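Data block below; observations after.
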Amino acid sequence: MKIAVDLDATITAYPGVFEVLTAAMAKAGCRVYVVTDRIPGSEEQVIRMLEELRISYHDLKITRDKKQFILEEGIDVLFDDTDEYFVELPEHVAVFKVREHYNFDFKQSKWLYTEKTGRKV
Ligand SMILES: [Mg+2]
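Quick note on numbering: the sequence shown equals residues 277 to 397 in our numbering.
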């Protein structure tokens with residue numbers, strides 16, 4: 277199974293969770309990809325960050341077009357915090373959305389952003 281995990285507001289939101297989760301998935305034989313919309317060319321910085329956070333992964337991909345990469349690679353699962361990366365993926369790709377203060381109001385227990393526009397509801 278191929279697993280994609282976003283970096284910002286996903287791994288960085290719950291680094292301890294993703295430290296354990298990525299290690300367990302890799303140990304189970306999954307191929308773990310970190311897929312991030314960071315600035316192209318920032319691979320070394322991202323690699324250092326992933327080492328500091330003790331994330332287990334096989335491949336790092338920096339891209340704005342996560343959908344294309346996920347489909348090309350045949351990735352089965354995406355962990356991310358941003359709806360725009362979820363909505364156009366086919367049903368067979370399992371998605372897990374991470375809550376952060378910018379996308380979820382913890383006091384009112386509700387999501388703050390719409391699916392496609394990214395605007396506040
Ligand atoms: Mg993110």
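Where is the CB? At the ideal position from N, CA and C, for every residue including glycine.
This one's a predicted model, so the numbers in the text were calculated from it and none came from an experiment.
Quiz item: Along the chain, which unbroken stretches of the beta strand (DSSP E) at least 3 residues long are found entirely within the stretch 303–343?
Solution: Runs found: 307–312 and 335–338.
Quiz prompt | Close Cβ partners of residue 290 (< 8 Å) along its chain, the five nearest in sequence each way excluded | solution = Only 374 meet the Cβ criterion.
Practice problem: Consult DSSP for residue 381 and reduce its assignment to one of helix, strand or coil. | Solution: In this structure, residue 381 counts as strand in the three-state DSSP scheme.
Quiz item: Straight-line CA distance for residue 326 to residue 370?
Solution: Distance between the alpha carbons of residue 326 and residue 370 is about 23 Å.
Quiz item: Short check: CB of residue 353 to CB of residue 285, under 9 Å?
Solution: Not in contact: residue 353 and residue 285 (Cβ atoms no closer than 9 Å).
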